[in-house]
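This report refers to the structure that appears directly beneath it.
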Amino acid sequence: MAPRFEARIRIRSDADIVAARRQGRALAEQMGFSSTDVTVIATAISEVARNIVQYAREGEVVVSATREDGRDGLTIVARDQGPGIADVVKAMQPGYSTANSLGLGLPGARRLMDDFEISSRVGEGTTVTMTKWQR
Amino acid sequence: MRVPILKQGEYLIASIQSALTDQELSQLKDDLLDHAGRTRARGVVVDVTVLDVMDSFAARTLRSLAHMLDLLGAATVVVGIQPEVAFAMVQLGLTLEGVSTALDLEEGLAFLQAKAA
Amino acid sequence: MSSKPKPLPQPPPESTAALLRELVAHLRENRIQLREEWVRRITESKLLTAMTREEIFAEATSVYDNYVEVLETGSVEALQTYARNLSERIIPRGVETHEVVGIVLLLRDVLARSLFRKYQGDFELLNRVLDAYEPAANRIANTVAVSFVEERERTIRLQQEAIRELSTPVLQVRERMLILPIIGVLDSQRARQLTEQLLRGIRANRAKVVVIDITGVPSVDSTAANHLVQTVEASRLMGARVIVTGLSSEVAQTLVTIGVELGKINAVGDLQSGMEEAERLLGYRVILEESAA
Chain A
1 MAPRFEARIR IRSDADIVAA RRQGRALAEQ MGFSSTDVTV IATAISEVAR
51 NIVQYAREGE VVVSATREDG RDGLTIVARD QGPGIADVVK AMQPGYSTAN
101 SLGLGLPGAR RLMDDFEISS RVGEGTTVTM TKWQR
Chain B
1001 MRVPILKQGE YLIASIQSAL TDQELSQLKD DLLDHAGRTR ARGVVVDVTV
1051 LDVMDSFAAR TLRSLAHMLD LLGAATVVVG IQPEVAFAMV QLGLTLEGVS
1101 TALDLEEGLA FLQAKAA
Chain C
2001 MSSKPKPLPQ PPPESTAALL RELVAHLREN RIQLREEWVR RITESKLLTA
2051 MTREEIFAEA TSVYDNYVEV LETGSVEALQ TYARNLSERI IPRGVETHEV
2101 VGIVLLLRDV LARSLFRKYQ GDFELLNRVL DAYEPAANRI ANTVAVSFVE
2151 ERERTIRLQQ EAIRELSTPV LQVRERMLIL PIIGVLDSQR ARQLTEQLLR
2201 GIRANRAKVV VIDITGVPSV DSTAANHLVQ TVEASRLMGA RVIVTGLSSE
2251 VAQTLVTIGV ELGKINAVGD LQSGMEEAER LLGYRVILEE SAA
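Residue numbers (our numbering), protein chains in the order written: chain A, 1 to 135; chain B, 1001 to 1117; chain C, 2001 to 2293.
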C-alpha cells in the first residue's frame, strides 16, 4: 500500500544522522506511538543512518507512515550505493564489524524494530527496510 | 556546539545541552580528558538528561571516556538517562558496563563524594 | 446522416459505471422508503436489541447514505471511518459482530429486492444491474465487518492493557525504595509494559533501590529470566539498584545451566530479606544491629 506520509533525508555526514532521527521522532509522535516506541524508533534510525556514514559515506533515509491489514506502522528505509555487504548473514550477527565499530548497528536495529529486511550486493549498495507497528 | 565543562571543587561537570553529533560527542570526550588531566579532577559527572537517544556510538564513547578517566585517576558517573532511553538502550544491548550511573546531577555528585570518602 | 436513434440491443461497454449511476439515482429517490423498510427488518430480526428505535434509525440513515456514496464514488474510505466511529460507540453497549454483519446483509437484501422490483420487466437488464451491484455491495459488507472487528480487537487490547497496568503496581514502601511484586506469567509483552512502568516509577519517586519480587511468577524460564536481566540493566542505567527476591535456588541453577547471565542480578531469598538488603543499601541502620554493636 502506498505510504500516506513520507520524509526523505540525505545522509552525508554525522549531522544528518541527528536530522534523520529527529524526522523519525516527529513522525512517530504524530502517529501516536508511545514515548518508549518513539525513542526506540529514533534509536534504530540512528544506527542505520550511521551505518551509511561509516560504510558508504552517503545515502538516504526515508521514513514513512504505512498501513497494512488495518495496522499502522512506521517504516524506515535506509539506502546507499556503497560497497555493499558480502555476507549479510554474518553482518547481522552481533559483534560483527569491519570499520572499527562494535558492530551493534544492524543487529541492534533489528532487535529494536518489529520487521527488518536487508538486501545488499557487493559493489552496488545496501538497502535496509524496517517497520515498527502500532500496538 | 561545544559542551560546557564546569569545575566544582574536585569534580568536573559536563552538562549536555542538546542532541550531539558524533563529532561533538568525541570532542566532549577529548575536552574532558584534557580538563581532567590539567585539573587533576577526582571525578567527572556527565549529565545526559536532555539526550532523547543514546545509540551505540554514544554508549561506546562514554565507555571509553570512563576507562580513560579511570587511568587518570578520576571516577566517571553518567546521570540523567531517561526511562525511554534506558529501555531502548537495553533492547539494543547497550548496558554501559563499567560505567557508574546515577539518577541526576545531585545524585551523581553524592555518589562521587561517597566514593571519595 | 443522423437518423432517429434506434434503441440499442446491447448496452455500451462502459455499462457497469452507467448502471451504478442509475442505481445510485434509484436509491437516492427511494431513500425514505427503503430506509424505513431496512429498519423494520432490523427490528424484526431482533438485531441491535441494545439500541433504541430512534438510535437504530439515526445510525441506519448514516449507514444508508454512506452505502450509496460508496456505490457512487467507489471509495470506501468515508464508510470505513464512519464504521469505525459507529463501532466505537456501539461496542461498549454490547453489540456483537453477528449483529453488525447481519444489518449490512439485510440492507444488501433490501436494496436488491428493490432493484428486482424496478427491473423485473427486463430480465436481462436486471441481471446486469445485479452484476454491477453485487461486487460493490459485497465490498461494502466486508468493509463494515472488518472495521467492526478491528475496532473490537482494539478495545479488547486496551482493556487488557488496563488490567495489566492494575495487576503490576509499583509500590513505594519507603523514601527512594520501590517494590514491584510480579504476579503471573512473565511474557515479552508483559515484561515490556512492566519495565516501562518501573522505569517511570524510578524517575517519579527518585528511587535508588528497587525490590522485584517474583515469588508470584509460576515458571521462570530462560525468556522470563532474560527479561528480568533487561529490567535490572535498564534500572541500573537510570541509577537504581535492583534486588530480586523469590528466585529459588533450583530455578537459579537451571537458568545458569542454560546460559542465562544471572551474575548481573542481585538475588536475595525472600521479600523480607530483600527489603532489609534494600534498606542497607539506602544507608538505613536497623536498630537491633546498632544496639548490638
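All C-beta atoms in this analysis are idealised placements derived from N, C-alpha and C, irrespective of residue type, glycine included. Bear in mind that the values here come from a model prediction, so they are computed numbers and not experimental data.
- By the CB criterion at 8 Å, Ser2222(C) and Ile2258(C) fall inside the cutoff.
- Listed in chain order, the beta strand (DSSP E) elements of length 3 or more contained wholly in the stretch 1069-1117 of chain B are 1075-1079, 1100-1102.
- Of the candidates Ser119(A), Thr66(A), Gly105(A), Thr66(A) places its Cα closest to the Cα of Trp133(A).
- Taking C-beta atoms as the reference points, Val2095(C) and Val2024(C) fail to come closer than 8 Å.
- Distances from the CA of Leu2228(C) to each of Thr2081(C), Gln2080(C), Val2242(C) were compared; the closest alpha carbon is that of Val2242(C).
- Interface residue (Cβ-Cβ distance to chain B less than 8 Å): Gln2080(C) is not classified as such.
- In summary, Pro1083(B) is buried, with 16 or more beta-carbon neighbours lying within 10 Å of its beta-carbon over all protein chains present.
- Residues of the stretch 1012-1030 of chain B that bring their beta carbon within less than 7 Å of a beta carbon in chain A comprise Ala1019, Thr1021, Asp1022, Gln1023, in sequence order.
- Between the stretch 1080-1095 of chain B and the stretch 1038-1057 of chain B, the count of C-beta pairs closer than 8 Å reaches three or more; the two stretches touch.
- Across the structure, Ser2114(C) and Gln2033(C) are spaced so that their CA atoms are roughly 10 Å apart.
- A Cβ-Cβ contact shorter than 8 Å links Arg2206(C) with Leu1103(B).
- Contact with chain B is found for Arg2206(C), since one of that chain's Cβ atoms lies less than 8 Å from the residue's Cβ.
- The DSSP assignment places 2097-2119 as complete runs of the alpha helix (DSSP H) inside the stretch 2088-2152 of chain C, in order along the chain (cut-off: 4 residues).
- Minimum Cα-Cα distance from Val1045(B) among the listed residues Leu1028(B), Arg1063(B), Ser1015(B) corresponds to Ser1015(B).
- Under the three-state reduction of DSSP output, Asp1034(B) falls in the helix class.
- Excluding its 5 nearest sequence neighbours in each direction, Leu112(A) has C-beta neighbours in its own chain below 7 Å: Val40, Thr43, Ala44, listed in chain order.
- Following the DSSP letters along the chain, one finds Val89(A) in no beta strand (DSSP E) but inside the alpha helix (DSSP H) bounded by residues 88-91.
- In the three-state reduction of the DSSP assignment, Asp69(A) falls in the coil class, being assigned neither a helical nor a strand state.
- Counting of Cβ neighbours within 10 angstroms places Thr2231(C) among the buried residues, the total reaching 16 or more.
- In this chain, Tyr1011(B) is not harboured by any alpha helix (DSSP H); it is covered by the beta strand (DSSP E) spanning 1011-1015.
- Secondary structure note for Met31(A): its alpha helix (DSSP H) is the uninterrupted segment 14-31.
- Under the DSSP assignment, Met130(A) falls in the beta strand (DSSP E) whose first and last residues are 125-133.
- Ala44, Ile45, Ser46, Glu47, Arg50, Val53: these are the residues of the stretch 44-63 of chain A whose beta carbon lies less than 9 Å from some beta carbon of chain B, given in chain order.
- Judged by their CB atoms, Val2211(C) and Leu2255(C) are not nearer to each other than the 8 Å cut-off.
- At least one beta carbon of chain B lies nearer than 8 Å to the beta carbon of Asp14(A).
- DSSP, read as helix, strand or coil, puts Gln1008(B) in strand.
- When the five nearest sequence neighbours on each side are left out, no beta carbon in the same chain lies closer than 6 Å to the beta carbon of Gln1023(B).
- Taking a contact as a CB-CB distance under 8 Å, the pair Arg2093(C) and Ala2050(C) counts as one, their CB atoms being some 5 Å apart.
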